[in-house]
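First the structure, in the form of structure tokens, and then the observations on it.
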Amino acid sequence: MKLSIRMVAVAAVLATAACAPQTSGTSSSDKDEKTGTLRVWLFQEVNNTPKEQVVDSVLAEFEKEHEGAEVTVEYIPVETRAQRIKAAFNDLGSAPDLIEYGNTDTAGYVKDGGLADVTEDFRAWDEAEDTDPTARQSVTVGGKVYGVPYFVGVRALYYRTDVFEELGLDVPKTQAELISTAKRIRAAKPELYGLAVGGAYTYGAMPFIWAHGGELATGKGGSYAAAIDSAAARKGIEAYTSLFGDDNCPAAKCAAMTGNDTITAFAAGKAAMAIGGDFSHAAVEAGTVKGAYAVVPLPGVKAGSIAPAFAGGNNLGVLKSTTHRTLAVDLMKRLASKEAQGELFEAMGFLPTFSDVRQQVAAKEAFVKPFVETLAADTKFVPASPAWAQIDAGQVLPTMFQEVVSGKKDVDSAAADAAKKMNDAFRSVG
């Protein structure tokens, strides 16, 4: 086996992105070579060695079964992925055959003409039937499939067991109880945030909107209209923003906090609760609260319900320009197979996208259980529109939350302004 793995320098990435055209590419290759070099781009993780070992194992088997084919893998920085991948759509000579990409990027990459339609390949894949519906939605645009889910990430409620025991508190069973419990803790222990929240923590806020029956937008097939200003959505916004104040998480400090900031505060013992992901587990374990916390699903509005969570994660996709389509599709399936996803969980802690594999890992690792329960209860996704990239980059939702918690606008006017910005973005992409 001949395998070359190259680490990409940020400077080189930026230089490539700066020189390449940023227009949409629609070229597709009519070649389907069964030998030669297959180029793959995967994301660089904080500790990448375990991921490389899983990938190398898959590639060794792939090359063994495809004589005359070899694979080179580049691990690229997540932060500059958009420029690098979009540039590749227009530089066919140096473009990879297969890429890893964020699941919120699907619609934008499809609009750019970069991803191959693999609908029939996905349907013919016997393992695909066990992919959970939300993960499947993340690779689907306009009824067509443009990749396979690689792993999923979801959030739940981390809480300090020592603080709850000391104050004689029960674990919240509703969002109203969550809010009141957070404020009780702050009153008893003013040195702590009751529940660490962030004005820039969009994915931590979304479950409050969804739990109250609200939606970010409505529509399908690429045509969407903002729904963030609906009565139900406004109730969720009001619930979330009520957590910003001296009685829980002071707006002066918390309005600018991100999701990472809230987990950092919890791990450092500065908060009694936080909304964190399965991917936050390692950071919390490395903090001062190790051994004194537990995790449960984030409660919904009704007792016993679980708030819908955003289903984050990454996908794998074949580029339309590949000259090795059959090989690229086969490798894509192998990298995202049940076996490989199980190994990726063992190596990195990434949750599998297959429901049955998730149950298996939950049985082996106790910390996974609340996240699997959350996924099984209900998950949501962002609108499958290329406009989402504009909405996200424009900080539309964080700005809305921050305007409310700062007192600049009330919920109704802030939501109305956010809806207008979202609709402008939706219209701009047709």
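If you read the sequence shown in the numbering used here, its first letter stands for residue 13, the second for the next number, and so on. Every residue, glycine too, gets a C-beta built ideally from N, C-alpha and C.
Residue(s) in a DSSP beta bridge with residue i
| i | result |
| --- | --- |
| Cys261 | Phe256 |
| Ala229 | Ala238 |
| Glu82 | Thr49 |
| Pro161 | Asn327 |
| Tyr215 | Note: Tyr215 sits in no beta bridge, so no partner. |
| Ala208 | Ala286 |
| Lys388 | The sequence shown places Ala at residue 388, rather than the Lys named in the question. According to DSSP, which records beta bridges pairwise, Ala388 is partnered with nothing at all. |
| Val67 | The partner list for Val67 (beta bridge, DSSP) is empty, contrary to what the question assumes. |
Exposure of residue i, with buried meaning 16 or more beta-carbon neighbours within 10 Å
| i | result |
| --- | --- |
| Glu177 | exposed |
| Ala430 | buried |
| Thr391 | buried |
| Gln65 | exposed |
| Ala243 | exposed |
| Glu355 | buried |
| Pro382 | buried |
| Glu112 | buried |
| Gly37 | Legend: pLDDT at Gly37 = 46, less than 50; position of this residue unreliable, value from coordinates given subsequently. Burial call: buried. |
| Ala229 | buried |
| Glu203 | exposed |
| Asp258 | exposed |
| Pro145 | exposed |
| Ala109 | Correcting the residue type first, residue 109 is Asp in the shown sequence and not Ala. Asp109 should be labelled buried. |
| Lys445 | Limits of the chain in this structure are 13 at one end and 442 at the other, which puts residue 445 out of reach. |
| Asp422 | exposed |
| Asn59 | exposed |
| Gly325 | buried |
| Lys98 | buried |
Other residues of its chain near residue i: CB distance less than 7 Å, five sequence neighbours each side excluded
| i | result |
| --- | --- |
| Phe9 | As displayed, the chain neither begins before 13 nor continues past 442, which places residue 9 out of reach and without an answer. |
| Tyr213 | Met269, Thr270, Gly271, Thr274 |
| Trp400 | Thr116, Ala119, Val394 |
| Thr131 | Lys156, Val157 |
| Thr143 | Pro161, Thr365, Phe366 |
| Ser397 | Ala119, Gly234, Tyr236, Phe438, Val441 |
| Met344 | Leu110, Val160, Leu328, Val330 |
| Asn435 | Ala237, Ala238 |
| Leu255 | Ile191, Ala194, Leu207, Val209, Cys261 |
Start-to-end residues for the alpha helix (DSSP H) that takes in residue i
| i | result |
| --- | --- |
| Met360 | 350 to 360 |
| Val417 | 408 to 417 |
| Ala168 | From DSSP, Ala168 is part of no alpha helix (DSSP H) but of the beta strand (DSSP E) over 167 to 172. |
| Val183 | First-last for Val183: undefined, no H or E at that position. |
| Asp273 | 271 to 279 |
| Leu343 | 337 to 347 |
| Leu190 | 187 to 200 |
| His224 | Where His224 is concerned, there is no enclosing alpha helix (DSSP H), given that its DSSP letter is neither H nor E. |
| Ala399 | 399 to 405 |
Terminal residues of the beta strand (DSSP E) in which residue i lies
| i | result |
| --- | --- |
| Thr305 | First, the amino acid is wrong: residue 305 is Tyr here, not Thr. Where Tyr305 is concerned, the enclosing beta strand (DSSP E) stretches over 305 to 308. |
| Ala286 | 285 to 289 |
Cutoff 6 Å; reference residue i; Cβ partners in own chain excluding five residues on either side
| i | result |
| --- | --- |
| Arg337 | Asp44 |
| Gln402 | Ala437 |
| Pro309 | Ala168, Ile318, Pro382, Glu385, Thr386 |
| Gly231 | Ala237 |
| Gly248 | Phe220, Ile221, His224, Gly226 |
Same chain, Cβ closer than 8 Å to residue i, neighbours up to 5 away in sequence not counted
| i | result |
| --- | --- |
| Phe322 | Val166, Arg167, Tyr215, Met218, Pro219, Thr391, Lys392, Phe393, Val394 |
| Ala241 | Note on identity: in this sequence residue 241 is Asp, with Ala being the wrong assignment. Once the five neighbours on either side are set aside, the close Cβ partners of Asp241 are Asp424, Ala427, Ala428, Ala430, Ala431. |
| Ala200 | Leu179 |
Which ranges does the beta strand (DSSP E) cover as unbroken runs of at least 3 residues, wholly within the stretch 86 to 147, from first to last along the chain?
Qualifying beta strand (DSSP E) stretches, in chain order: 110 to 114.
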